[in-house]
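So the structure is just underneath, and the comments pick up after that.
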Amino acid sequence: MAVIYLIRHAQASFGARDYDKLSDFGERQAVVLGQALAARGVRPDLVVTGSMSRHLRTAQLALEAAGLSDRAEVDTGFDEFDHEQVILAHKPAYRRRTVMLADLARTGNPQRAFQEMFSAATERWVREEDGYTESFQAFADRVEAAIRRTAGSLGKGGTAVVFTSGGPITSVVSRLLTGGDGLWLTLNPLTINTAITKVLSGARGLTVVSHNEHGHLDGTEMLTYR
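Following my numbering, the numbering of the sequence shown begins with -15 at its first residue and continues without gaps.
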């Protein structure tokens, strides 16, 4: 059977103007990830990344640390959904970033307040189609097509490593485990930076055998969710 490892990017720059850039901490996480891939004996026949900077940089650092070629194919099907548009559809006033930051600061716990607001925004996106360039259904269909392309590119017994985001990974897991998208809202906030999800591809199709593995971060104080 072929194996596909879906890897969430390392910590991005949460709270900064350019979220898509890895933080310094995230760069260290990516190196630890690469060392973990080497320790597991992962030797990919195919490396795929989404097109976002955090995907590409995580792949570069991890592959270098693993002693692997950094040659990768870019597949935009593995890109994350537009989180800014999802937030603005829920809170139009947050078009002005200063308004959002002020609202969050007033709560006394900005990170918790952001997560509560973002959860409400994604729930709206899952329920409704109006106001979005890409509906949730279109997003989930796009991601499913991407992982099936990857599986189709692998020979029998081949291995692929895919660097992507939490949203696409949890979409794949939800559909493969339940045949639908019902788990997405539950799983998405829990996806850990550089966590590994393992999918097998064989005669029976695609099967999730593990999700959100992060043993390489245990005991290192490097576990993050953004």
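Ideal Cβ positions, reconstructed from N, Cα and C, are used throughout, including at glycine. Just so you know, these numbers come straight off a predicted model, no measurement behind them.
Which of the three DSSP states is assigned to residue 30 in this structure? Collapsing the DSSP output to three states places residue 30 in a strand.
Own chain partners of residue 18 with C-beta closer than 6 angstroms, once the 5 adjacent residues on each side are dropped: 46, 49, 50
What does the alpha-carbon distance come out to for the pair residue 173 and residue 107? Rounded to whole angstroms, residue 173 and residue 107 show a C-alpha spacing of 12 angstroms.
May I ask you to verify whether the stretch -14 to -4 touches the stretch 5 to 16, counting CB pairs closer than 8 angstroms and requiring at least 3? Between the stretch -14 to -4 and the stretch 5 to 16, the count of C-beta pairs closer than 8 angstroms reaches three or more; the two stretches touch.
Is the stretch 108 to 116 in contact with the stretch 142 to 161, if contact means three or more CB pairs nearer than 8 angstroms? no
Bridge partners - residue 120, DSSP secondary structure assignment: Partner(s): none; residue 120 has no beta bridge.
Under the three-state reduction of DSSP, which class applies to residue 90: helix, strand or coil? helix
Using a Cβ-Cβ cut-off of 7 angstroms (strictly less than) and excluding sequence neighbours within five positions of residue 153, which residues of its own chain qualify? -10, -8, 175, 181
If you draw a straight line from the alpha carbon of residue 73 to that of residue 105, how long is it in whole angstroms? 8 angstroms
Can you tell me which of the three DSSP states residue 194 falls into? strand
Cα-Cα, which of 115, 12, 23 is closest to residue 178? Here the closest residue by C-alpha is 12.
Using CA atoms only, rank isn't needed, just tell me which of 25, 209, 66, 134 is closest to residue 57. 134
Compare the C-alpha of residue 2 against each of 30, 59, 53, 81 and name the closest. Out of 30, 59, 53, 81, 81 has the C-alpha closest to the C-alpha of residue 2.
Could you tell me the distance, in whole angstroms, from the CA atom of residue 21 to the CA atom of residue -12? Just so you know, the alpha carbons of residue 21 and residue -12 end up roughly 13 angstroms apart.
Which runs of the beta strand (DSSP E) at least 3 residues long sit entirely within the stretch 48 to 103? Give them in chain order. none
Mind the definition here: the stretch 112 to 132 touches the stretch 157 to 172 only if three or more C-beta pairs lie below 8 angstroms; say whether that holds. The stretch 112 to 132 is in contact with the stretch 157 to 172.
Proximity winner among 131, 200, 206, relative to residue 185 (alpha-carbon distances): 131
Taking its Cβ as the centre, do 16 or more other Cβ atoms sit within 10 Å of residue 36, making it buried, or is it exposed? buried
DSSP on residue -8, reduced to helix/strand/coil? strand
Since residue 180 sits in a beta bridge, which residues does DSSP pair it with? -9, 197
Spatial neighbours of residue 137 in its chain, beta-carbon cut-off 8 angstroms, leaving aside the 5 residues before and after: The residues are 30, 144.
Determine the DSSP secondary structure at residue 155, reduced to helix, strand or coil. helix
Exposure label - residue 84; buried when at least 16 CB within 10 Å: buried
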